[in-house]
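Take a look at the structure below.
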C-alpha cells in the first residue's frame with residue numbers, strides 16, 4: 000500500500016466515500032464502522048449519519064491504510080491496533096502540521 004493520494008476518481012476531491020475507503024484499505028464496511036465507534040478515526044460526515052453517508056478525508060484515509068497494513072501484513076489484531084491507532088493518528092496530525100508550516 001502506498002500513500003499516493005488522492006485516490007478519488009475526482010482529481011480535486013479530498014473527501015472519500017466509504018466505498019472508496021473499503022476499496023483502498025481492504026477493510027469491510029463493518030470494520031470501518033467498528034474503527035469509527037472505537038475512536039480510531041472519525042468520518043467527515045457521521046458517525047451519526049447512516050453508513051452510506053460517511054465520508055473520510057485524506058488524513059483519515061492515510062491512517063486507515065496504515066492500520067490496514069499493520070493488520071494485513073503484520074497480523075496486528077484489534078487490541079494491537081487500539082494501542083497503535085492513536086499513535087498513528089498523532090503522527091498524521093504532526094505530519095499535517097509540518098506540511099502546513101512548510102507552505103508558509
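In my numbering, the protein residues as written are 0 to 103. Backbone N, C-alpha and C fix where the C-beta goes; we use that ideal spot for every residue, glycine too.
Note down, one range per segment and in chain order, each alpha helix (DSSP H) of at least 4 residues found wholly within the stretch 11-56.
17-24 and 28-37, all fully within the stretch 11-56.
Under three-state DSSP, which class holds residue 103?
As a working mapping, residue 103 is identified with position 104 in the chain shown. In the structure shown, residue 103 sits in coil (DSSP, three-state: anything other than H, G, I, E or B).
Decide if residue 59 is buried, meaning its Cβ has at least 16 other Cβ atoms within 10 Å, or exposed.
Mapped onto the chain shown, residue 59 falls at position 60. Residue 59 counts as buried, since at least 16 other C-beta atoms from the protein chains shown sit within 10 angstroms of its C-beta.
In this structure, how does DSSP classify residue 72 when only helix, strand and coil are distinguished?
In the chain shown, counting from the first residue as 1, residue 72 sits at position 73. In this structure, residue 72 counts as coil in the three-state DSSP scheme.
Measure the C-alpha to C-alpha separation of residue 57 and residue 81 and round it to an integer number of angstroms.
As a position in the chain shown, residue 57 is number 58, starting the count at 1. As a position in the chain shown, residue 81 is number 82, starting the count at 1. Taking C-alpha positions only, residue 57 is separated from residue 81 by approximately 20 Å.
Since residue 38 and residue 71 should fall inside the 8 Å C-beta cutoff, what is the C-beta to C-beta distance between them, to a whole number of angstroms?
Within the chain shown, residue 38 is the residue found at index 39, counting from 1. Within the chain shown, residue 71 is the residue found at index 72, counting from 1. No, residue 38 and residue 71 are not in contact; Cβ-Cβ is about 21 Å, not under 8 Å.
Give the C-beta separation of residue 27 and residue 20 to the nearest angstrom, bearing in mind that I take them to be a contact with Cβ-Cβ under 8 Å.
To locate residue 27, count along the chain shown from 1; it is residue 28. To locate residue 20, count along the chain shown from 1; it is residue 21. Taking a contact as a CB-CB distance under 8 Å, the pair residue 27 and residue 20 does not count as one, their CB atoms being some 11 Å apart.
Is the separation between the beta-carbon of residue 34 and that of residue 40 shorter than 8 Å?
Here the question's residue 34 lines up with position 35 in the chain shown. Here the question's residue 40 lines up with position 41 in the chain shown. The Cβ atoms of residue 34 and residue 40 sit closer than 8 Å to each other.
Under 8 Å between the Cβ atoms of residue 83 and residue 53?
Against the chain shown, residue 83 aligns to sequence position 84. Against the chain shown, residue 53 aligns to sequence position 54. Contact: no.
Quick check: the Cα distance between residue 61 and residue 91, rounded to an integer number of angstroms?
Along the chain shown, read from residue 1 onward, the residue named residue 61 stands at position 62. Along the chain shown, read from residue 1 onward, the residue named residue 91 stands at position 92. Their backbone Cα atoms lie some 8 Å apart in a straight line.
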